[in-house]
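2 protein chains.
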Amino acid sequence: MPYSPKHKEQTRQRILQTAAKLFCSKGFDRVTLKQIMKQANMTHGAFYAHFSGKSTLYEAALQFATAKGFWARKDKHTETKDTHLKAMIARYLSWSRPNDNNPSPLEFLVTDAAHQDETVRQTYQECFDNLVNRLSSILTKRGFNAAQSLAEETMVSLVGTVSVARSIQETQRAAFVSRAKARILMRLEQG
Amino acid sequence: MPYSPKHKEQTRQRILQTAAKLFCSKGFDRVTLKQIMKQANMTHGAFYAHFSGKSTLYEAALQFATAKGFWARKDKHTETKDTHLKAMIARYLSWSRPNDNNPSPLEFLVTDAAHQDETVRQTYQECFDNLVNRLSSILTKRGFNAAQSLAEETMVSLVGTVSVARSIQETQRAAFVSRAKARILMRLEQG
DNA sequence: GTCTATATGATGATAGAC
DNA sequence: GTCTATCATCATATAGAC
């Protein structure tokens, strides 16, 4: 019995991880199954033992990226609450480079979700709300008044910043993100 | 002489306009030349009498959309400066529906530009800076201090709002945009 | 300049050996 | 379960008639 169920599950996870990376940096249409399978150390044909098609994989990869979303984990236990918040912002903004390898659920979604069907948009909705709520609860603990609104505003700014940063010239990117980051943090400080 | 140079130019403009619309609502990869030419009332083959390829058309359509950008024209001469500003915001946010027919230069870019080469990103850069500068000059006239920074912040929020709005569920869209709009206007009022 | 018809290439998906 | 080989489809692009 050369192939255990455990082995299959591991392979599936490897495909998902690779797919999430690639979908994130290139978008749905510019990623081929061949590419994904090659980077996952398999050949094209093996794909259909795990997923029924590209669309199915897309949704699965999307949930995979969301579940492992970076907001879930704190960086280090030694972080104070304040630096934790700043670290989250910084981490999100680190996705500004289009070829970044870390899958950013929201960015990889905002690129494609608008053109996908309602099912995909529902997943996006859940993901976005999730992030807003987590951020909101952090802000509430820190004594902000309109935490929910401020959290949503912050998330919108983050998505906008990363989206624009990815689309402009490479030479201007760092400065642009730096300015945006300063404004977002300032807003969070003054409430 | 059945085909005048003027006729060719008109045809070219028709292709550009159609392409801008389609690229805006569907993105680069999900639009085919066949579609574009069909909607422009021609057949596929006639395309290459006007453009050398799809990429060339993309850049041209991009500049076309930018040149006709809505920030350029005021809505009505009767608008006060204040309502003009609000009208601009509202008009931008009206692009929140993914299948909207009006080509929004920034949104149709933010969807694709990140995956295109540096030439396209340079065009995006110019377009974005252009909008920031126009907004900034309006804010300056109205006596704001950090007009440039506020303008950039506003543009980022607008792009983020439209991007997210297009990706979430249809039922949530209007309320989401409404909240975002209120926050953006509030920021602009309090400087 | 626009048409019809076709070449060329790539992609998603399937068939069958191991 | 994974491989190799192949199919079917669709997209860009070209060729040639009008």
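From first to last, the protein sequence lines are chains A and B.
Oh and the first sequence: position 5 is 177 in my numbering, straight run, nothing missing.
Oh and the second sequence: position 99 is 271 in my numbering, straight run, nothing missing.
Idealized CB from N, CA, C, for every residue including glycine.
Report yes if the CB atom of residue i is closer than 8 angstroms to the CB atom of residue j, and no otherwise.
| i | j | result |
| --- | --- | --- |
| residue 335/B | residue 335/A | yes |
| residue 303/A | residue 311/A | no |
| residue 116/B | residue 341/A | Here chain B has residues from 173 to 363 only, and residue 116/B is not among them. |
| residue 355/B | residue 325/A | yes |
| residue 295/A | residue 229/A | no |
| residue 187/B | residue 212/B | yes |
| residue 331/B | residue 332/A | yes |
| residue 219/A | residue 209/A | yes |
| residue 223/A | residue 237/A | no |
| residue 320/A | residue 308/A | yes |
Compare the C-beta of residue i with all C-beta atoms of chain B and state if any pair is closer than 8 angstroms.
| i | result |
| --- | --- |
| residue 296/A | yes |
| residue 312/A | no |
| residue 181/A | no |
| residue 242/A | Low confidence applies to residue 242/A: its pLDDT is 49, below 50, so where it sits in the model is not reliable enough to give any reading. |
| residue 361/A | no |
| residue 332/A | yes |
| residue 231/A | no |
| residue 203/A | no |
| residue 344/A | yes |
| residue 189/A | no |
| residue 208/A | no |
| residue 261/A | no |
| residue 329/A | yes |
| residue 306/A | no |
| residue 336/A | yes |
| residue 266/A | no |
Cβ of residue i less than 8 angstroms from any chain A Cβ?
| i | result |
| --- | --- |
| residue 352/B | yes |
| residue 300/B | yes |
| residue 291/B | no |
| residue 235/B | no |
| residue 211/B | no |
| residue 186/B | no |
| residue 227/B | no |
| residue 339/B | yes |
| residue 321/B | yes |
I'd like the span of the alpha helix (DSSP H) that includes residue i, first residue to last.
| i | result |
| --- | --- |
| residue 348/A | 342-362 |
| residue 186/B | 177-198 |
| residue 202/B | Careful: residue 202/B lies outside any alpha helix (DSSP H) and carries neither H nor E. |
| residue 327/B | 319-339 |
| residue 308/A | 290-313 |
Evaluate residue i with the Cβ neighbour count: other Cβ atoms within 10 Å of its Cβ, from every protein chain shown; 16 or more gives buried, anything less gives exposed.
| i | result |
| --- | --- |
| residue 225/B | exposed |
| residue 176/B | exposed |
| residue 327/B | buried |
| residue 329/B | buried |
| residue 353/A | buried |
| residue 242/B | Note that residue 242/B scores 49 on pLDDT, short of 50, meaning its location in the model is unreliable; the coordinates nonetheless yield the value given after this. Under this definition residue 242/B is a buried residue. |
| residue 360/A | buried |
| residue 190/A | buried |
| residue 192/B | buried |
| residue 358/A | exposed |
| residue 337/A | buried |
Pairs of beta-carbons, one from the region 348-356 of chain A and one from the region 186-199 of chain B, closer than 8 angstroms: are there three or more? no
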